[in-house]
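Okay, structure first, notes after.
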Amino acid sequence: MEIIDLKINRKPVRLSVDAERMLLWVLRTDLGLTGTKYGCGQGHCGACTILVNEKAVRSCMMPVKMVAGKEVLTIEGLAQNGVLHPLQQAFVEHDALQCGFCTSGMILTAYSLLKDNPKPSDSDIIRGMDHNLCRCTSYVRVIKAVRSAAISMKSGRTA
Amino acid sequence: MMEDKPRHMESDNVTIDFPISRRDFLKVTGGGLIIFFSAGVLPAQERAPRRGGQDLPTDFNAFLKVGADGRVSCFTGKAELGQGVITSLAQMLADELDVPLDSVDMVMGDTDLCPWDMGTFGSRSTRFLGPPLREAAAEARAILLAMAAEQFGLPVSRLTVKDGVVSDKKNGGKQVTYAQLTQGKIIEKHLAAKPPLKKVSEFKVMGKSYRRTDSLQKVTGQALYAGDIRLPDMLHAKLLRPPVHGAKWKHVDTSALRNDPELLVVEQPDMIAVLHKHPDVAAKALSLVKVEFDIPESDLDNQTIHKHLLAVAPKAGEMVSEGGNLKEGERLAAQTFENTYADYYVAHAAMETHTATAAFDGDRVTVWPSTQTPFPAKESIAQALGIPARKVRIITPFVGGGFGGKSFNLQAVEAARLAKLTGRPVQVMWSRKEEFFYDTFRPASVVKIRSGLDDTGRIVFWKYDVYYAGSRGADQIYAVPHHRETAYVHYTGMAGAHPFATGPWRAPGNNTNTFARESQIDIMAAKVGEDPLAFRMKNLEDKRMLNTLKAAAAAFRWRKAKAPSGRGYGVACSMDAGACVAAMAEVNVNRASGEIEVKRLVCAQDMGIIINPDGARLQMEGGLAMGLGYALTEEVDFKGGKILNTNFDTYEIPRFSWLPKIETILVENNDVPPQGGGEPAITCVGAVIANAVFDAAGVRLFQMPMTPIRVKEALTKGKPEK
Ligand code: FES
Ligand code: FES
Numbered sequence: 081m082e083i084i085d086l087k088i089n090r091k092p093v094r095l096s097v098d099a100e101r102m103l104l105w106v107l108r109t110d111l112g113l114t115g116t117k118y119g120c121g122q123g124h125c126g127a128c129t130i131l132v133n134e135k136a137v138r139s140c141m142m143p144v145k146m147v148a149g150k151e152v153l154t155i156e157g158l159a160q161n162g163v164l165h166p167l168q169q170a171f172v173e174h175d176a177l178q179c180g181f182c183t184s185g186m187i188l189t190a191y192s193l194l195k196d197n198p199k200p201s202d203s204d205i206i207r208g209m210d211h212n213l214c215r216c217t218s219y220v221r222v223i224k225a226v227r228s229a230a231i232s233m234k235s236g237r238t239a
Numbered sequence: 143m144m145e146d147k148p149r150h151m152e153s154d155n156v157t158i159d160f161p162i163s164r165r166d167f168l169k170v171t172g173g174g175l176i177i178f179f180s181a182g183v184l185p186a187q188e189r190a191p192r193r194g195g196q197d198l199p200t201d202f203n204a205f206l207k208v209g210a211d212g213r214v215s216c217f218t219g220k221a222e223l224g225q226g227v228i229t230s231l232a233q234m235l236a237d238e239l240d241v242p243l244d245s246v247d248m249v250m251g252d253t254d255l256c257p258w259d260m261g262t263f264g265s266r267s268t269r270f271l272g273p274p275l276r277e278a279a280a281e282a283r284a285i286l287l288a289m290a291a292e293q294f295g296l297p298v299s300r301l302t303v304k305d306g307v308v309s310d311k312k313n314g315g316k317q318v319t320y321a322q323l324t325q326g327k328i329i330e331k332h333l334a335a336k337p338p339l340k341k342v343s344e345f346k347v348m349g350k351s352y353r354r355t356d357s358l359q360k361v362t363g364q365a366l367y368a369g370d371i372r373l374p375d376m377l378h379a380k381l382l383r384p385p386v387h388g389a390k391w392k393h394v395d396t397s398a399l400r401n402d403p404e405l406l407v408v409e410q411p412d413m414i415a416v417l418h419k420h421p422d423v424a425a426k427a428l429s430l431v432k433v434e435f436d437i438p439e440s441d442l443d444n445q446t447i448h449k450h451l452l453a454v455a456p457k458a459g460e461m462v463s464e465g466g467n468l469k470e471g472e473r474l475a476a477q478t479f480e481n482t483y484a485d486y487y488v489a490h491a492a493m494e495t496h497t498a499t500a501a502f503d504g505d506r507v508t509v510w511p512s513t514q515t516p517f518p519a520k521e522s523i524a525q526a527l528g529i530p531a532r533k534v535r536i537i538t539p540f541v542g543g544g545f546g547g548k549s550f551n552l553q554a555v556e557a558a559r560l561a562k563l564t565g566r567p568v569q570v571m572w573s574r575k576e577e578f579f580y581d582t583f584r585p586a587s588v589v590k591i592r593s594g595l596d597d598t599g600r601i602v603f604w605k606y607d608v609y610y611a612g613s614r615g616a617d618q619i620y621a622v623p624h625h626r627e628t629a630y631v632h633y634t635g636m637a638g639a640h641p642f643a644t645g646p647w648r649a650p651g652n653n654t655n656t657f658a659r660e661s662q663i664d665i666m667a668a669k670v671g672e673d674p675l676a677f678r679m680k681n682l683e684d685k686r687m688l689n690t691l692k693a694a695a696a697a698f699r700w701r702k703a704k705a706p707s708g709r710g711y712g713v714a715c716s717m718d719a720g721a722c723v724a725a726m727a728e729v730n731v732n733r734a735s736g737e738i739e740v741k742r743l744v745c746a747q748d749m750g751i752i753i754n755p756d757g758a759r760l761q762m763e764g765g766l767a768m769g770l771g772y773a774l775t776e777e778v779d780f781k782g783g784k785i786l787n788t789n790f791d792t793y794e795i796p797r798f799s800w801l802p803k804i805e806t807i808l809v810e811n812n813d814v815p816p817q818g819g820g821e822p823a824i825t826c827v828g829a830v831i832a833n834a835v836f837d838a839a840g841v842r843l844f845q846m847p848m849t850p851i852r853v854k855e856a857l858t859k860g861k862p863e864k
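Order-wise, the sequence lines are chains A and P.
In terms of the numbering used here, the first sequence is residues 81 to 239.
In terms of the numbering used here, the second sequence is residues 143 to 864.
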């Protein structure tokens, strides 16, 4: 067991854990943050995507020790004070989901993508999202949602 | 336990044991106006109206309630798997009752609150539940109007309803709400004469696009799936799995785990499980168990499977459809065509793996499984535990994709057994590897077609034999005077056929059947040098199908040419779940790599009256994109009972970058009641790509998936068409 201090969804958290464990399971079971999903456990699907210092990271492959001192954001922390983030809003508006199991990972991957590239072309979006899988598959709508979120974020609608 | 209960699993203050009769349901659901109705297959029509030691109602399997709080609820044993019925069913209810959409609650898949239902599959929810649901809602509205008329002392014709408020047409101030009308009463009614349903022109909520009612929960991470249930003292279980189907363990040594007080080990003759409060810790511990297996020998693999399947197939099949006389047809034919088509095992690969959480309270167990079949789950669990079915409650949370794969409930039985054995709540969440291992794959299958044309290019006979895929989509859609379609072995297989379990897969059987049929049609069209669209139109009589093809052709801007034209254009059509589908594709074939690039996909669909146009398009887009997988890459690799694919690295499913330009067209047809929408569009994808590949490169692919290797093989062989 090790003591690991970090921030999760803007709040300081002190974990006493086996630091080799993957963050996905610590989030889901130790902390009850079940919005982050397990889809493959090997970095292939993106369902477990979270943000570490604003960068999309696959939590199923990320040992807890790697996030010591960092800021983790999960889907539960994206909306603030009951106001949806523009990406969440756009996913709702464009029906960019069906079963919704891939949705947390899609939104957080898109968040990171827009941080790096606030004005992505469709092919930038496709390239940036290509390792997130949606079996249902809502790909067409996700592209639309990300495109429209980019526009509304540029015009200052940030949460 | 659960703080944020999703709307569709609300279940306050359930005190009675298990509702079976109308009376029981009335007690559980509290006051209000209740209308019982039936949809699809009733318990009485199933083999046994007595299941799991309990009598089932024989005349209803769903009901709706107008509550004293003015909210309208529909109770049904179906589940929301992503297909959006939670929204489209609510729309129907809201429209017929004249209430706002957001005052409707769908209570789905809770076996304590909902009457028996066989499950959610086959695009049946809208088709079979829709019409009686609308009737029930219209009936409820008529009853409420009659009650208001009595209260006001006015004739019903003087009244009007808007947003759940009844008012006097001549005196708008005279109003009463549905809630006030049902206040404190329990009214169970049936009208002698059914009130008419609204005409399409009168629709206010139906026929319009609404956003999904569940998306807010899903974009904020609040939607609860089976693996998100958290209960006090809950343990996560990892089970010991054989490396190969049919393998049995000889020696198991769990001694390495003995010294860890946090671990619980369950050893049963047929089940070994390691439990811990964290699933990853349980998984790591399980890997320390030493075990030796007896592994059965088998030489079946992807190369030998079709030969084997044909060898063991029964001689007699199930007649799907028949007309005329094949002998006569052969006599009329100027030329005949005989071909064999085949495809391979395909995984469901829903993003959510099979998961279930189970907890006992006294002698009753509640299970939250990811399932398409809550009532069959209840029965399997009761049977496995040896307890009466009324002691089992299934609450279906959101399901992370099904596609037919979540119908067998093995994981739910495992969780329930472990909860009983350990006396603690238990969650079982399969790993992706377990998911690939225990999936009930779409079966590998073979289709043989012999057909003939007369000298005017009309199809005069058609002999069709499909092995292992099932009959859906095998029936004749063309105007062929002499034909016989036969299906050998259901898609669930038979003993001695498949080396592992098989089952339904999105539009079961129809992807295979449409690929074979539409390829054969194209082959004949090419042989007589006719444009493949014109050839189809000439041989079709069905008006809906002709219209649907025309709609696709207009959107695609199809221009007549005989194949292969080098343009890479393909066309295919199908009937599925009562819907007509026509698809057109444009592809590019890379002759060096064998890769197929699908550039455009246009799909038109006549699905009768459309309840939620945008939802319907979403389902079509989803089906088309998913279809690229079975058409191009998806094939389960196996060696005997060993599944060689364990994750998405070797089993490739469609991704963003595969997307062609997709265009969907809803063909308006208000003469036909709403038909299935979740499955039909996927059925043409394989066929339309195969036909487009022929048009591009002049080679015909007789097997799916059309992998680069198979394309290159076809290009080098240049297999001439018979
Ligand atoms: S669960 Fe982490 S990438 Fe799939
Ligand atoms: S919405 Fe079901 S996996 Fe993406």
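Yeah, the Cβ is synthetic: ideal placement off N, Cα and C, and Gly gets one too.
Per DSSP, Arg636(P) is paired with what? For this step, residue 636(P) is matched to residue 494 along the second sequence. This sequence places Met at residue 636(P); Arg is not what is there. Note: Met636(P) sits in no beta bridge, so no partner.
Please list the partners that Ser242(A) has in chain P, where partner means a Cβ-to-Cβ separation under 7 Å. An answer regarding residue 242(A) cannot be provided, because it is not within the stretch 81 to 239 covered by chain A.
Collapsed DSSP secondary structure at Pro143(A) in the structure displayed: Walking along the first sequence from the start, residue 143(A) turns up at place 63. Looking at Pro143(A) - three-state DSSP - the assignment turns out to be strand.
Per-residue DSSP class, three states only, for Ile831(P): Numbered from 1 along the second sequence, position 689 holds the residue referred to as residue 831(P). Reduced to three states, the DSSP call for Ile831(P) is helix.
By Cβ distance, which residues of its chain are closer than 8 Å to Val147(A), with the 5 residues on each side in sequence left out? One-based indexing of the first sequence puts residue 147(A) at position 67. Around Val147(A): Ile84, Leu86, Leu103 and Val132.
Please go through the same chain and pick out, in chain order, the residues whose beta-carbon is closer than 6 Å to the beta-carbon of Glu470(P), but skip the five residues on each side of it. On the second sequence, position 328 is the one that residue 470(P) refers to. Once the five neighbours on either side are set aside, the close Cβ partners of Glu470(P) are His624.
Specify whether the stretch 387-401 of chain P and the stretch 538-554 of chain P touch according to this definition: at least 3 beta carbon pairs, one from each stretch, less than 8 Å apart. no
Go ahead and pull the three-state DSSP assignment for Glu821(P). Your numbering for residue 821(P) matches position 679 in the second sequence. In this structure, Glu821(P) counts as coil in the three-state DSSP scheme.
Contact criterion: CB-CB distance below 8 Å. Does Ile795(P) meet it with respect to chain A? For the purposes of this step, residue 795(P) is taken as the residue at position 653 of the second sequence. Closer than 8 Å to some Cβ of chain A, the Cβ of Ile795(P) qualifies, so yes.
At least one CB of chain P closer than 8 Å to the CB of Arg90(A): is that the case? Your numbering for residue 90(A) matches position 10 in the first sequence. Arg90(A) does not count as touching chain P.
Does at least one heavy atom of ligand 1 sit under 7 Å from the Cβ of Arg138(A)? The residue labelled residue 138(A) in the question sits at position 58 within the first sequence. Arg138(A): yes, Cβ under 7 Å from ligand 1.
Can you grab the Cα-Cα spacing for the pair Trp800(P) / Val830(P), in whole Å? The residue labelled residue 800(P) in the question sits at position 658 within the second sequence. The residue labelled residue 830(P) in the question sits at position 688 within the second sequence. C-alpha separation (whole angstroms): 16 Å.
Are the Cβ atoms of Asp259(P) and Phe517(P) separated by less than 8 Å? To locate residue 259(P), count along the second sequence from 1; it is residue 117. To locate residue 517(P), count along the second sequence from 1; it is residue 375. Yes, the Cβ-Cβ distance between Asp259(P) and Phe517(P) is below 8 Å.
Determine the extent of the beta strand (DSSP E) in which Glu464(P) is found, giving its start and end residues. As a first step, residue 464(P) must be located in the second sequence, where it is residue number 322. First-last of the beta strand (DSSP E) with Glu464(P): Glu460 to Gly465.
Given that Tyr219(A) touches chain P, what residues does it touch there, using C-beta distances under 7 Å? What you label residue 219(A) is simply residue 139 of the first sequence in a count that begins at 1. In chain order: Ala767, Phe798 and Leu801.
Spatial neighbours of Lys316(P) in its chain, beta-carbon cut-off 7 Å, leaving aside the 5 residues before and after: Against the second sequence, residue 316(P) aligns to sequence position 174. So the qualifying residues of the chain are Phe294, Ser309 and Asp310.
8 Å is my cut-off, CB to CB: does Ser549(P) come that close to chain A? Within the second sequence, numbered from 1, the residue matching residue 549(P) stands at position 407. No - not a single Cβ of chain A is within 8 Å of the one on Ser549(P).
Thr644(P) in three-state terms, based on DSSP: For the purposes of this step, residue 644(P) is taken as residue 502 along the second sequence, with counting starting at 1. Three-state result, Thr644(P): strand.
First and last residue of the alpha helix (DSSP H) that includes Glu776(P)? Position 634 of the second sequence, counted from the first residue, corresponds to residue 776(P). Element bounds for Glu776(P): n/a, residue is neither H nor E.
Please check the pair Ala611(P) and Pro641(P), which I expect to be a contact at CB under 8 Å, by giving their CB distance rounded to whole angstroms. Your numbering for residue 611(P) matches position 469 in the second sequence. Your numbering for residue 641(P) matches position 499 in the second sequence. Going by Cβ atoms, the distance from Ala611(P) to Pro641(P) rounds to 17 Å, so no, they are not a contact pair.
Assuming Ala501(P) contacts Asn551(P) under a Cβ cut-off of 8 Å, what Cβ separation, rounded to an integer in Å, is found between them? On the second sequence, residue 501(P) is found 359 positions in, with the first residue counted as 1. On the second sequence, residue 551(P) is found 409 positions in, with the first residue counted as 1. Not confirmed; about 17 Å, so no contact.
Selection of the stretch 81-106 of chain A by Cβ proximity to chain P, strictly under 7 Å: Arg101, Met102 and Trp105
Sort Gln618(P), Ile591(P) and Gly599(P) by Cα distance to Tyr609(P) and report the nearest one. One-based indexing of the second sequence puts residue 609(P) at position 467. Here the closest residue by C-alpha is Ile591(P).
Which runs of the beta strand (DSSP E) at least 3 residues long sit entirely within the stretch 432-510 of chain P? Give them in chain order. 432-436, 460-465, 477-485 and 497-503
Whole-angstrom C-beta distance between Arg283(P) and Asp247(P), which should lie under 8 Å: Counting from one through the second sequence, the residue named residue 247(P) turns up at place 105. Counting from one through the second sequence, the residue named residue 283(P) turns up at place 141. The pair is not a contact, with the Cβ atoms about 17 Å apart (cut-off 8 Å).
May I ask whether a heavy atom of ligand 2 can be found less than 7 Å away from the beta carbon of Gly208(A)? Sequence index remark: in the first sequence, residue 208(A) carries index 128 (1-based). Not under cutoff, so the answer is no.
Give me the Cβ distance between Ile205(A) and Val226(A), rounded to the nearest whole Å; I'm assuming they're in contact under 8 Å. For this step, residue 205(A) is matched to residue 125 along the first sequence. For this step, residue 226(A) is matched to residue 146 along the first sequence. Correct: roughly 5 Å between the Cβ atoms.
Alpha helix (DSSP H) segment containing Gln322(P), residue limits: Against the second sequence, residue 322(P) aligns to sequence position 180. Taken as a continuous stretch (DSSP letters only), the alpha helix (DSSP H) holding Gln322(P) covers Tyr320 to Thr324.
To the nearest angstrom, how far is the alpha carbon of Pro796(P) from that of Pro847(P)? Walking along the second sequence from the start, residue 796(P) turns up at place 654. Walking along the second sequence from the start, residue 847(P) turns up at place 705. If I take the Cα positions, the gap works out to 13 Å.
Taking just the CA atoms, how far does Leu428(P) sit from Glu409(P)? Residue 409(P) sits at position 267 when you count from the first residue of the second sequence. Residue 428(P) sits at position 286 when you count from the first residue of the second sequence. Taking the straight line joining both Cα atoms gives about 12 Å.
Once you ignore the five residues that flank Pro862(P) on each side, which residues in its own chain have a CB closer than 6 Å to its CB? Along the second sequence, one-based indexing puts residue 862(P) at 720. Here Pro862(P) scores only 48 on pLDDT, less than 50, and its place in the model should not be relied on; the value that follows carries that caveat. Result list for Pro862(P): empty, nothing under 6 Å.
Pro191(P) versus Asp254(P): straight-line alpha-carbon distance, rounded: Counted from its first residue, the second sequence places residue 191(P) at position 49. Counted from its first residue, the second sequence places residue 254(P) at position 112. Model confidence at Pro191(P) stands at a pLDDT of 40, short of 50, so the residue's coordinates are unreliable and nothing is read from them.
Which residues does DSSP pair with Arg215(A) in a beta bridge? Residue numbering aside, residue 215(A) sits at position 135 when the first sequence is read from its first letter. BP columns for Arg215(A) are empty, so no partner.
Between Arg353(P) and ligand 2, is there a pair consisting of the residue's CB and a ligand heavy atom that are separated by less than 7 Å? Counted from its first residue, the second sequence places residue 353(P) at position 211. Every heavy atom of ligand 2 is 7 Å or more from the Cβ of Arg353(P), so no.
Taking beta-carbon pairs under 9 Å, can you tell me which members of the stretch 514-547 of chain P lie near chain A? Phe540, Val541, Gly542, Gly543, Gly544 and Phe545
Does any residue of chain A have a CB that is nearer than 8 Å to the CB of Pro421(P)? Taking the second sequence and counting its residues from 1, the one referred to as residue 421(P) is at position 279. Chain A, which has a Cβ nearer than 8 Å to the Cβ of Pro421(P), makes this yes.
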